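Residue numbers (the working numbering), protein chains in the order written: chain L, 1 to 200; chain F, 201 to 400.
Cβ atoms here follow ideal geometry from the backbone N, Cα and C, with glycine treated the same way.
In this text the structure is predicted, and so the values were computed from the model without any measurement.
Remarks on the structure that follows.
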DNA sequence: GTCTATAAGCAGATAGAC
DNA sequence: GTCTATCTGCTTATAGAC
């Protein structure tokens with residue numbers, strides 16, 4: 001690891017280990033090794049494992065959610081939004097394949113973690129998209145669909161194939177490389193599927 | 201807990217705890233308490249925590265996957281299959297909301313668990329559905345779609361809303377009861393969405 | 001700030017009585 | 001088969017030297 005500040009090294013190492021092993025599976029010793037420092041130093045910067053985890057987890061939420069929501073807020077046409085979204089999701093998740101299960105599992109363990117950060121409230125804003133869905137439906141360009149069903153459908157189709165990768169590969173008999181290509185192809189396949197479903 | 205055989209009590213208790221806490225988060229003491237027996241007895245029936253977990257996990261796979269695949273194998277029309285599938289997924293997952301994240305997380309930890317049970321190989325068979333997709337496309341009833349994209353799309357839309365429930369509730373500002381209703385409505389909304397996407 | 005050494009408690013596993 | 005008691009090693013956390 002390059003010469004970063006110690007605190008930064010700790011956060012990076014902790015993130016790597018926590019994402020791979022989860023809160024309960026991670027060991028402080030492992031994190032210390034990954035950071036190239038001593039175990040005691042972890043406790044010097046973050047009093048406990050719990051606090052270290054919380055710092056890491058909140059940082060992840062703050063880094064990810066705004067990125068994904070920024071597209072919804074833009075003034076792009078609906079179809080363009082969907083294509084951009086698919087592109088960004090696939091690119092991001094190909095680089096961080098363990099992220100979805102990590103985040104979702106830890107939220108199942110303690111959903112309150114979503115409410116500890118006031119910053120998130122500002123980021124989460126779907127008004128623009130909501131208006132867009134209504135106005136496009138009024139114009140007859142798409143079938144009416146609620147913002148809730150819309151969001152759940154698009155996010156599910158983008159994220160779940162990464163979370164359930166081992167299951168899908170087994171069930172569909174797909175090798176690693178072919179599955180990566182399949183995910184890549186979903187950058188265009190999902191938007192096409194989605195637009196087709198929305199046709200009036 | 202009623203008077204079942206000890207071994208059965210252990211399996212049930214272990215399943216409850218493992219599903220809630222995961223392999224690494226669960227404690228043998230907790231499982232013993234849940235089963236109303238002593239910790240030593242767990243080791244008498246299953247030598248180690250690892251073996252107990254494996255027994256529980258394999259049993260879960262064997263119980264779930266055949267149930268979900270049986271629909272695909274039937275000779276029902278495509279549209280009926282999709283509606284039946286949505287109904288069964290929602291009903292099952294409303295009763296076992298923690299199942300998806302548990303299974304997927306443990307498979308991420310050790311994907312080999314999917315290959316330890318030969319029984320599963322017989323169950324997993326999509327030939328019938330595959331033929332159906334091809335023949336319906338040839339008849340012009342649906343747009344062509346690969347079995348892989350079809351499966352990933354339908355399963356993602358069914359399962360992910362349960363796995364990501366805390367996230368969706370927060371982002372969409374939905375209370376518990378309303379979210380349960382929303383999931384219920386997906387028994388028909390998802391099939392409608394899906395059939396619309398498949399129209400040629 | 002960073003280390004070594006060690007405390008204190010916990011978890012998995014076993015021995016042995018009944 | 002089931003229990004109590006105990007061992008052993010691991011894990012978090014702290015004390016204290018540098």
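Length of the line joining the Cα atoms of residue i and residue j
i: residue 12/L; j: residue 37/L; result: 13 angstroms
i: residue 189/L; j: residue 313/F; result: 31 angstroms
i: residue 81/L; j: residue 169/L; result: 29 angstroms
i: residue 331/F; j: residue 186/L; result: 22 angstroms
i: residue 273/F; j: residue 122/L; result: 47 angstroms
i: residue 201/F; j: residue 233/F; result: Low local confidence applies: a pLDDT of 48 at residue 201/F is under 50, so the model's placement there is unreliable, with the coordinate-based value given in what follows. Their Cα atoms are separated by approximately 11 angstroms.
i: residue 263/F; j: residue 289/F; result: 14 angstroms
i: residue 384/F; j: residue 108/L; result: 20 angstroms
i: residue 165/L; j: residue 182/L; result: 11 angstroms
i: residue 255/F; j: residue 341/F; result: 45 angstroms
i: residue 149/L; j: residue 27/L; result: 39 angstroms
i: residue 207/L; j: residue 361/F; result: Limits of chain L in this structure are 1 at one end and 200 at the other, which puts residue 207/L out of reach.
i: residue 259/F; j: residue 270/F; result: 17 angstroms
i: residue 334/F; j: residue 296/F; result: 34 angstroms
i: residue 3/L; j: residue 91/L; result: 28 angstroms
i: residue 277/F; j: residue 378/F; result: 32 angstroms
i: residue 50/L; j: residue 111/L; result: 15 angstroms
i: residue 201/L; j: residue 275/F; result: Since the first residue of chain L shown is 1 and the last is 200, residue 201/L is not available in this structure.
i: residue 339/F; j: residue 139/L; result: 33 angstroms
Beta carbon of residue i nearer than 8 angstroms to that of residue j
i: residue 305/F; j: residue 68/L; result: no
i: residue 355/F; j: residue 293/F; result: no
i: residue 195/L; j: residue 79/L; result: yes
i: residue 219/F; j: residue 298/F; result: yes
i: residue 324/F; j: residue 265/F; result: yes
i: residue 393/F; j: residue 197/L; result: yes
i: residue 48/L; j: residue 224/F; result: no
i: residue 367/F; j: residue 153/L; result: no
i: residue 283/F; j: residue 400/F; result: no
i: residue 326/F; j: residue 151/L; result: no
Extent of the continuous alpha helix (DSSP H) to which residue i belongs
i: residue 110/L; result: Taken as a continuous stretch (DSSP letters only), residue 110/L belongs to no alpha helix (DSSP H), as it is neither H nor E.
i: residue 46/L; result: Per DSSP, residue 46/L belongs to no alpha helix (DSSP H) and is neither H nor E.
i: residue 8/L; result: 6-25
i: residue 396/F; result: 376-398
i: residue 82/L; result: 78-95
i: residue 372/F; result: 365-372
i: residue 203/F; result: From DSSP, residue 203/F is part of no alpha helix (DSSP H); its letter is neither H nor E.
i: residue 321/F; result: 318-323
i: residue 238/F; result: No alpha helix (DSSP H) contains residue 238/F, which DSSP labels as neither H nor E.
i: residue 130/L; result: 127-138
Residues near residue i in its chain [Cβ-Cβ closer than 8 angstroms; skip 5 each side]
i: residue 261/F; result: 303, 313, 314, 317 and 320
i: residue 10/L; result: 31, 35, 37, 41, 42, 45, 46 and 52
i: residue 22/L; result: 102, 105 and 106
i: residue 380/F; result: 294
i: residue 374/F; result: 368 and 382
Own chain residues within Cβ distance below 7 angstroms of residue i, not counting five before or after
i: residue 205/F; result: none
i: residue 16/L; result: 34
i: residue 129/L; result: 72 and 147
i: residue 14/L; result: 31, 52 and 56
Residues near residue i by beta carbon distance below 6 angstroms, same chain, minus five either side
i: residue 39/L; result: 28, 29 and 32
i: residue 344/F; result: 337
i: residue 207/F; result: 245
i: residue 176/L; result: none
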